[in-house]
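In UniProt numbering, the protein residues as written are 1 to 154.
Note that CB positions come from ideal geometry on N, CA and C, so glycine has one too.
This one's a predicted model, so the numbers in the text were calculated from it and none came from an experiment.
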C-alpha cells in the first residue's frame, strides 16, 4: 500500500507543479503584455511630447518674428511722426510767410523765408526738425514771437 500511496503522492505533486508552472506562465504572459502595453503608451506619450515641443518652438519663432516686426513698425512710426512734425513746422512757416506777404511786411517775410530755406536745406536748428507734432506748432509760434522781439510783427 505504501507504494501505491507514494505513486499517488508523486502524481499529486507533479500535478501541482504543472498547475503552478501554468499559473506562473499565465502570470508572466500577463505581465509581459502589460509591459508591452505600457511601453507602447510611453512611446505614444513621447511622440506627443515631441509634437508639443515642436509646436512650442514654432510659436516661439513666430513670436520673435512678430516682436521684430513690431519694433520695425515702431521705428517707422517714429520716423513718420518726426517727418509729420517737420512738415507741420514748414506749413506753419509757409502760412506765416503768406500772412506777412498779405500784410506787405517785407522784413518779416524775408526772415521767415530764410528760416524756411534753412529748415528745408537741413541747416535749421535740430530741435525744430525733430520736434514732436504738438511741439512743432508751439515752436514755430515761438519763432514768430522771436521775430516780434526783433521788432518784426508775427
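Sequence-distant residues of its chain with Cβ nearer than 6 angstroms to residue i (five each side left out)
| i | result |
| --- | --- |
| residue 72 | none |
| residue 65 | none |
Reference residue i, options the options, closest by Cα
| i | options | result |
| --- | --- | --- |
| residue 117 | 53, 94, 41 and 65 | 94 |
| residue 109 | 58, 121, 77 and 92 | 92 |
Whole-Å CB distance - residue i paired with residue j, under 8 angstroms assumed
| i | j | result |
| --- | --- | --- |
| residue 100 | residue 112 | 6 angstroms |
Close-in-space but distant-in-sequence residues of the same chain around residue i (CB under 7 angstroms, 5 per side omitted)
| i | result |
| --- | --- |
| residue 121 | none |
Residue-chain proximity (residue i, chain D), Cβ-Cβ < 8 angstroms
| i | result |
| --- | --- |
| residue 119 | Among the protein chains of the structure shown there is no chain D, as only one such chain exists. |
Continuous beta strand (DSSP E) assignments of at least 3 residues falling wholly in the segment 32-93:
none
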